[in-house]
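*Asks:* For the sequence shown, the working numbering assigns the number 2 to the initial residue and increments by one for each residue that follows. The beta carbon of each residue, even a glycine, is placed where N, CA and C say it ideally should be. Structure incoming, see below.
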Amino acid sequence: MVLADSESAVILRLRGPLDLKCQLDRIDEVPMQKAISRTFEALRLQVKSESCVLAVCNSPVLIWPNKSVFEEITPDAPFEDIFQFIQTDDQETSGKKSTKKKNRKGVSTSIINLSLMMEATKPGPASAPILTRTVQKSHLLCATLPMDCAVWSNGSDTIKDGCERLMKALTRQLFEMEKVTLQCMKGTTLRVPEPLHFLLPEPNGLVTVVFPRGEPDKELEAQRRELHGQFELPDNRPFFRRANAYHFPNEPYKDGYLRNPHTVLTHPTLDNGKVYLVQGIYSYHHYMQDRMDDNGWGCAYRSLQTICSWFQQQGYVERGVPSHKEIQQALVEVGDKQASFVGSRQWIGSIEVQAVLNHLLGVTSKIMFVSQGSELASKGRELANHFMTEGTPVMIGGGVLAHTILGVAWSETTGEIRYLILDPHYTGAEDLQVITEKGWCGWKGPDFWDQTAYYNLCLPQRPRVI
């Protein structure tokens, strides 16, 4: 499934459990695989039956896709019309009808969630149940399949068209789940297949892949390598690790950190200038988070945490973002600090950030030395090249301050430059509007730097792995 990148696109996401119950008279490999395949075929027939119902979440809209019955909505209406029936938290407090949410750049965040259900009763006269009893030995394989399909619909698509695509995707996903189940069977133990969505570079868009649940990324390298070939992706960057799974914009992150606050900002306009930005997802780490009072000394620690979050969320590492104590312990382990450093409030700089990234994540970094802040204005080419090739956040330290550079706007002809700064000195709540409007994440000119202080920049390098 491919999602078009369009401001008018609506993502239709269908989720719901399907029970896989397979009775086995024999547990020999071939008969068992045939029985499992028959069970999957029965499930595909079930979702094609008239008892299949799609319920639009938080609305009264019900759709019977296989008998073209639509409750509350007209089948030939555009799918966007469903938004007027969806109850949101905003609507509950204001009494207004729901509309598509837009971010500050005006791009619609349009997700319609649907639940997959099956009618349990059939129309017609009621009859008394009939019980039969059969005595035989057999094995029963049971699993709940977490169906999760996503398709896109543009403004001109009708509700009927969107439902037809959803049902095709649902059937296709059952075939993929059958394939994964048969490949990963160990004796009579079922590995539950798990669908994941990945947003790939154009022209691929959003694709859905089925992996066995709980299987480590390392064990899936052969499948991931095959997917890279299928979608013509480079084999030196991870695209199909679980950490790369697409996060739908209507779902909050459970850890509470803001992601990519820079995306709501307007880019500066320079003569013949281009914008070069961090690639991928990161979390914004700043003073006073995690019940840690580091106001006045922890800015470089926070910048390092932001960098570590980038490597985690791009799938390069599985370990979590290190705490201040873990960062200090790492510096002791590499011989950079004495044991008394752990638990202290001592500052760290770019060289320490480089050492911790290498020790904890196995990530190498380049160090750029700038003898005085006025020279940073001439580093446009080096920084632009970094964001084009590596795309990682950059930590910059000078004097007693540290910041994170997320990108540059630079003109090769005039040399004019602006820096996209994520400021770890922020002490407030995770309020995107305050953070961006007050400049804690924002574009800064060359005068942002102390013109006479020296600066060291730590430029983390991407590992070349699939």
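(1) Please confirm if the segment 367-386 is in contact with the segment 422-435, defined as three or more CB-CB distances below 8 Å between the two stretches.
(2) Would you tell me roughly how many angstroms separate the C-alpha atoms of ASN67 and ALA144, rounded to the nearest one?
(3) Which same chain residues, not among the five before or five after ARG45, have their C-beta less than 7 Å away from its C-beta?
(4) Pull up the distance between the alpha-carbon of LEU141 and that of ALA129, whole angstroms please.
(5) Give me, in chain order, the residues of the same chain whose beta-carbon lies closer than 6 Å to that of LYS445; leave out the 5 immediate sequence neighbours on both sides.
(6) GLU391: which of ALA403, GLN462, ALA356 sits nearest, CA to CA?
(7) Would DSSP call GLU30 helix, strand or coil?
(8) Does the distance from the C-beta atom of LEU402 to that of CYS300 stay below 8 Å?
(9) Where does ILE368 fall in DSSP's three states?
(10) Of the residues THR267, PRO269, HIS248, which one's Cα is nearest the Cα of ARG260?
(11) Kindly indicate which residue of LEU266, GLY163, SER372, LYS187 has the alpha-carbon position closest to the one of PHE71.
(12) Assuming GLN314 contacts GLY281 (C-beta within less than 8 Å), just tell me the rounded distance between them.
(13) Using 8 Å as the cut-off, can you tell me whether the segment 403-416 makes contact with the segment 317-329, which would need three or more C-beta pairs spanning the two stretches below that distance?
(14) Taking just the CA atoms, how far does SER304 sit from MET293?
(15) What is the DSSP secondary structure of PHE232, reduced to helix, strand or coil?
(16) Assuming contact is defined by CB atoms lying nearer than 8 Å, are ALA410 and VAL276 in contact in what I supplied?
(17) If you draw a straight line from the C-alpha of ASP82 to the C-alpha of SER52, how long is it?
(18) Can you tell me whether ASN114 is buried or exposed? The criterion is at least 16 other CB atoms within 10 Å of its CB, across all chains shown.
(19) Helix or strand or just coil, what does DSSP make of ASN359?
(20) For SER50, which of ILE64, PHE86, ILE28 has the nearest alpha-carbon?
(21) Between the beta-carbon of TYR302 and the beta-carbon of ILE352, is there less than 8 Å?
(22) So ASP236 and ARG226 are supposed to be a Cβ contact under 8 Å. How far apart are they, rounded?
(23) Pull up the distance between the alpha-carbon of PRO447 and that of VAL357, whole angstroms please.
(24) For a test of the three-state rule: what should DSSP assign to SER351, helix, strand or coil?
(25) Take ASP295 as the anchor and find which of TYR258, ARG346, GLY274, HIS286 has the nearest alpha-carbon.
(26) If you measure between the beta carbons of ARG320 and LEU266, is that distance less than 8 Å?
(27) Taking the CB atoms as reference points, tell me whether PRO262 and TYR285 lie closer together than 8 Å.
(28) Can you tell which of MET168, VAL279, GLU177 has the C-alpha that lies nearest to the C-alpha of LYS395?
(29) Decide if the segment 21-36 is in contact with the segment 195-205; the criterion is three or more beta carbon pairs, one per stretch, under 8 Å apart.
(30) Within 10 angstroms of its Cβ, does LYS169 collect 16 or more other Cβ (buried), or is it exposed?
(31) Could you give the DSSP three-state label for LEU46: helix, strand or coil?
(32) Is it a yes or a no for the segment 180-197 touching the segment 52-61, going by three-plus beta-carbon pairs under 8 Å?
(33) Hey, how far is the Cα of PHE449 from the Cα of SER310?
(34) Taking buried to mean at least 16 other C-beta atoms within 10 Å of its own C-beta, is GLY257 buried or exposed?
(35) On the CB-based measure, 16 or more other CB atoms within 10 Å of its CB, does TYR427 come out buried or exposed?
(36) State the DSSP-derived secondary structure class of PHE240, mapped to helix, strand or coil.
*Replies:* If we stick to the structure as given:
(1) Result no; under three Cβ-Cβ pairs closer than 8 Å.
(2) Within the sequence shown, the letter at position 66 stands for residue 67. Within the sequence shown, the letter at position 143 stands for residue 144. Approximately 25 Å between the Cα atoms of the pair.
(3) Sequence index remark: in the sequence shown, residue 45 carries index 44 (1-based). These residues qualify, in order along the chain: THR172, LEU175.
(4) Numbered from 1 along the sequence shown, position 140 holds the residue referred to as residue 141. Numbered from 1 along the sequence shown, position 128 holds the residue referred to as residue 129. Computed Cα separation, rounded: 27 Å.
(5) In the sequence shown, counting from the first residue as 1, residue 445 sits at position 444. So the qualifying residues of the chain are TYR420, ILE422.
(6) One-based indexing of the sequence shown puts residue 391 at position 390. Here the closest residue by C-alpha is GLN462.
(7) One-based indexing of the sequence shown puts residue 30 at position 29. Of the three classes helix, strand and coil, the one that applies to GLU30 here is helix, per DSSP.
(8) Taking the first residue of the sequence shown as 1, we reach residue 402 at position 401. Taking the first residue of the sequence shown as 1, we reach residue 300 at position 299. Their beta carbons are under 8 Å apart, which means LEU402 touches CYS300 by this criterion.
(9) As a first step, residue 368 is located in the sequence shown; it is residue number 367 there, counting from the start. Shown here, ILE368 sits in a strand according to DSSP, grouped into three states.
(10) Mapped onto the sequence shown, residue 260 falls at position 259. Closest by alpha carbon: HIS248.
(11) Residue mapping note: residue 71 aligns to position 70 of the sequence shown, counting from 1. It is GLY163.
(12) Here residue 314 corresponds to residue number 313 of the sequence shown, with the count starting at 1. Here residue 281 corresponds to residue number 280 of the sequence shown, with the count starting at 1. Going by Cβ atoms, the distance from GLN314 to GLY281 rounds to 7 Å, so yes, they are a contact pair.
(13) no
(14) Start at 1 with the first residue of the sequence shown, and residue 293 comes out as number 292. Start at 1 with the first residue of the sequence shown, and residue 304 comes out as number 303. Each residue's Cα considered, the two are about 15 Å apart.
(15) As a position in the sequence shown, residue 232 is number 231, starting the count at 1. When secondary structure is reduced to three states using DSSP, PHE232 falls in the coil class, being assigned neither helix nor strand.
(16) Taking the first residue of the sequence shown as 1, we reach residue 410 at position 409. Taking the first residue of the sequence shown as 1, we reach residue 276 at position 275. Cβ atoms of ALA410 and VAL276: closer than 8 Å.
(17) On the sequence shown, position 81 is the one that residue 82 refers to. On the sequence shown, position 51 is the one that residue 52 refers to. Their Cα atoms are separated by approximately 25 Å.
(18) The count along the sequence shown starts at 1 and reaches residue 114 at position 113. By the 10 Å Cβ count, ASN114 comes out buried.
(19) Here residue 359 refers to the residue found at position 358 when the sequence shown is read from its first residue. Here ASN359 sits in helix by DSSP.
(20) Along the sequence shown, read from residue 1 onward, the residue named residue 50 stands at position 49. The shortest Cα separation from SER50 among ILE64, PHE86, ILE28 belongs to ILE64.
(21) For the purposes of this step, residue 302 is identified with residue 301 of the sequence shown, where counting begins at 1. For the purposes of this step, residue 352 is identified with residue 351 of the sequence shown, where counting begins at 1. Not a contact, by the Cβ cut-off of 8 Å.
(22) Residue mapping note: residue 236 aligns to position 235 of the sequence shown, counting from 1. Residue mapping note: residue 226 aligns to position 225 of the sequence shown, counting from 1. About 7 Å; that satisfies the 8 Å criterion.
(23) By 1-based counting over the sequence shown, the position of residue 447 is 446. By 1-based counting over the sequence shown, the position of residue 357 is 356. Those two C-alpha atoms are separated by around 29 Å.
(24) Your numbering for residue 351 matches position 350 in the sequence shown. In the structure shown, SER351 sits in a helix (DSSP, three-state: H, G or I).
(25) The residue given as residue 295 occupies position 294 in the sequence shown. Looking from the CA of ASP295, the closest CA among TYR258, ARG346, GLY274, HIS286 belongs to ARG346.
(26) Against the sequence shown, residue 320 aligns to sequence position 319. Against the sequence shown, residue 266 aligns to sequence position 265. No, Cβ-Cβ distance for ARG320 and LEU266 is not below 8 Å.
(27) In the sequence shown, counting from the first residue as 1, residue 262 sits at position 261. In the sequence shown, counting from the first residue as 1, residue 285 sits at position 284. Cβ distance < 8 Å, so PRO262 and TYR285 count as in contact.
(28) For the purposes of this step, residue 395 is taken as the residue at position 394 of the sequence shown. Looking at the sequence provided, one finds Val at residue 395 rather than Lys. That would be VAL279, whose Cα lies nearest to the Cα of VAL395.
(29) no
(30) In the sequence shown, counting from the first residue as 1, residue 169 sits at position 168. So LYS169 counts as exposed.
(31) Reading the sequence shown from its first residue, position 45 is the one you call residue 46. Judged by DSSP in its simplified three-state form, LEU46 adopts helix.
(32) no
(33) Translated into positions along the sequence shown, residue 449 becomes position 448. Translated into positions along the sequence shown, residue 310 becomes position 309. So the two alpha carbons sit approximately 25 Å from each other.
(34) Here residue 257 corresponds to residue number 256 of the sequence shown, with the count starting at 1. With fewer than 16 other Cβ atoms within 10 Å, it is exposed.
(35) Position 426 of the sequence shown holds residue 427. With 16 or more Cβ atoms within 10 Å of its Cβ, TYR427 is classed as buried.
(36) Within the sequence shown, the letter at position 239 stands for residue 240. Residue state, collapsed to three classes: coil.
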